[in-house]
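> Before we start, here is the structure in question, set down as structure tokens.
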Amino acid sequence: MSFNKVKKMELPRIILAGHGVIEKIGEVLNSIGHIGKILIVTGPKTYEVAGKNVESIISKNYDVETFITGDATIENVNKVKDKTKEEKIKLLMGIGGGTKIDIAKKAAYDLSIPFISIPTSASHDGVASPRATIKDSGGTVSSEASVPISIIADTAIIVKAPYRYLIAGAADIIANYTAIRDWELAYKLKGEDFSSSAYAISKYTAEEMLNYAPQLKPNDEESVWVVVKAIISSGMAMSLAGSSRPASGSEHLFTHAVEMIAPGRALHGEIAGVGTIIMSFLQGQDWKRVREALRVMGAPTKAKEIGLTPDEAIRALTIAHTVRNRYTILGESGISAEAAEKALRATEVI
328 MSFNKVKKME LPRIILAGHG VIEKIGEVLN SIGHIGKILI VTGPKTYEVA
378 GKNVESIISK NYDVETFITG DATIENVNKV KDKTKEEKIK LLMGIGGGTK
428 IDIAKKAAYD LSIPFISIPT SASHDGVASP RATIKDSGGT VSSEASVPIS
478 IIADTAIIVK APYRYLIAGA ADIIANYTAI RDWELAYKLK GEDFSSSAYA
528 ISKYTAEEML NYAPQLKPND EESVWVVVKA IISSGMAMSL AGSSRPASGS
578 EHLFTHAVEM IAPGRALHGE IAGVGTIIMS FLQGQDWKRV REALRVMGAP
628 TKAKEIGLTP DEAIRALTIA HTVRNRYTIL GESGISAEAA EKALRATEVI
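Quick note, this note's numbering runs 327 ahead of the 1-based positions in the sequence shown.
This is the structure in structure tokens:
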């Protein structure tokens, strides 16, 4: 029998995380050997926070344009793509929170050009992941996107973001706890591709965050450092796996269902944290440990804390399996409203 397996793995070439690393952006560009015009994709606030400084540093040696954008919509992605083609841009730089980075990475993927991720907050693991969450006419869609060629995460900048964002990022990492159990289930029952190394990395990041939860505190670069490292590791796990499986299971199906039913009421990571409580209960895992970690961090643990009524939470849980074709603890036909309510009440989510 001939061997014919093929696997593609894309990983960042340079990762810089820590105090003041934004000042090394020029060195990063020199190291990756970039020659060509650069487009900074950012928002009005994040331009002031970090974009202006980056623009000032790299404009000494590179031709730079800055594009101020808004929400992560397909319309804004297309505007960035049009600007990129018009200006003959050779490299995109996403500077901001999740939305600006998602716009840049999706545009870079569609145009097959490199992309650098420079987060100004750490609200979810999209900083390093090969996925982008983009809104279109049909709702919010998670789509394939570019793995950043470099990640520059300056803790001195990220620590200035609202603490709520950091907690949401930590909760999104804790979501790996249920995601990898779903992945294992799909591997055993459906023969889905599985990577032991990606699984191990994802499991470690979730465990580290569960254990570190009581030590997280606002205005603390050490806390930012821990969350940023975990977010980058989670993104690396997805790159190794060639899918979002290490960080996205039933808890994220619930998250996306909530985002469709009640858009804009809570941060992505906040919803994922609540979803992790529910799914760890359904999986027979230690859901009380998950809930306690989220509680001590200050993350939501109840439906009302993410803006949901009990009926909305039940509906989100019953439709979660329809969000995408991904086998999880919810099965192929989902769970009934009665079973959903039972799980939500048992975990005190409602």
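By construction, the Cβ of each residue, glycine as well, lies at the ideal position given by its N, Cα and C atoms. Just so you know, these numbers come straight off a predicted model, no measurement behind them.
Quick check on the burial criterion: 16 or more other C-beta atoms within 10 angstroms. Buried or exposed for ALA757?
Residue 757 cannot be examined here, being either before or after the span of the chain that is shown, 328 to 677.
> Quick one: any contact between the region 446–457 and the region 355–366, if contact means 3 or more CB pairs under 8 Å?
Touching, no.
> Mind reading off the beta-carbon distance from ILE484 to ALA377? Whole number of angstroms is fine, and I expect it under 8 Å.
5 Å
> Between which two residues does the beta strand (DSSP E) holding MET336 run?
Unbroken run through MET336: none, as it is neither H nor E.
> From this set, GLY353, ILE662, VAL617, ILE401, which residue's C-alpha is nearest PHE581's C-alpha?
The alpha carbon of PHE581 has as its nearest neighbour, out of GLY353, ILE662, VAL617, ILE401, the alpha carbon of ILE662.
> Determine the direct distance from the alpha carbon of ILE476 to that of PRO457, and round the result to whole angstroms.
11 Å
> Is the region 541–551 in contact with the region 489–506, if contact means three or more CB pairs nearer than 8 Å?
yes
> Would you tell me roughly how many angstroms separate the C-alpha atoms of ALA459 and ILE558, rounded to the nearest one?
Straight-line Cα distance between these residues: approximately 15 Å.
> I'd like to know if ILE395 contacts chain B, where contact means its C-beta is closer than 7 Å to some C-beta of that chain.
Any reference to chain B falls outside this structure, which holds one protein chain only.
> Which of the three DSSP states is assigned to VAL486 in this structure?
coil
> How would you write the range of the alpha helix (DSSP H) that THR467 sits in, first residue to last?
Per DSSP, THR467 belongs to no alpha helix (DSSP H); it is in the beta strand (DSSP E), 466–471.
> Straight-line CA distance for LEU567 to THR645?
31 Å
> For THR505 and GLU578, which I take to be in contact (beta-carbon distance under 8 Å), what is that distance rounded to the nearest angstrom?
5 Å
> Confirm, please, whether the CB-CB distance from LEU609 to ALA670 is below 7 Å.
Against a cut-off of 7 Å, the Cβ pair of LEU609 and ALA670 comes out as a contact.
> In terms of alpha-carbon separation, which member of THR467, ILE501, ILE507 lies closest to ALA626?
ILE501
> Using a Cβ distance threshold of 8 Å, determine whether the region 431–441 contacts the region 467–482, with at least three qualifying pairs required.
yes
> Would you kindly work out how many angstroms separate the C-alpha atoms of ALA589 and GLU350, rounded to a whole number?
40 Å
> If we ignore side chains and look at the alpha-carbon of each, how far apart do MET587 and ASN388 end up?
44 Å
> Which same chain residues, not among the five before or five after ASN538, have their C-beta less than 7 Å away from its C-beta?
none
> With DSSP collapsed to three states, give me the class of PHE442.
In this structure, PHE442 counts as strand in the three-state DSSP scheme.
> Starting from GLY518 and walking both ways along the beta strand (DSSP E), at which residues does that stretch end?
That residue, GLY518, is in no beta strand (DSSP E); it is neither H nor E in DSSP.
> What does a CB cutoff of less than 7 Å around ASP509 pick up in its chain, not counting 5 residues either side in sequence?
GLY576, SER577, THR655, ILE656
> Just checking my contact of GLY368 with ILE479 at CB under 8 Å: how many whole Å lie between their CB atoms?
Here residue 368 is Val; the residue named in the question, Gly, does not match the sequence. Not a contact, Cβ separation roughly 14 Å.
> Could you tell me the alpha carbon to alpha carbon distance between GLU535 and LYS415, rounded to whole angstroms?
43 Å
> What runs of the alpha helix (DSSP H), each 4 residues or longer, lie entirely inside the region 535–607?
548–568, 577–588
> Using a threshold of 7 Å, state whether the C-beta atoms of ILE395 and ILE352 are closer than that.
no
> List the endpoints of the continuous alpha helix (DSSP H) containing LEU621.
614–624
> Relative to the C-alpha of LEU419, which residue among ALA399, ASN405, ILE440, ASP409 is closest?
ILE440
> Using only the alpha-carbon positions, how far apart do MET624 and SER561 sit?
19 Å
> Considering only C-alpha positions, which residue in the set GLY569, ASP398, LYS629 is nearest to VAL333?
GLY569
> According to DSSP, simplified to helix, strand and coil, what is LYS433?
helix
> State buried or exposed for GLU402, treating a residue as buried only when at least 16 other CB atoms are found within 10 Å of its CB.
Looking at its Cβ environment, which holds fewer than 16 other Cβ atoms inside 10 Å, GLU402 is exposed.
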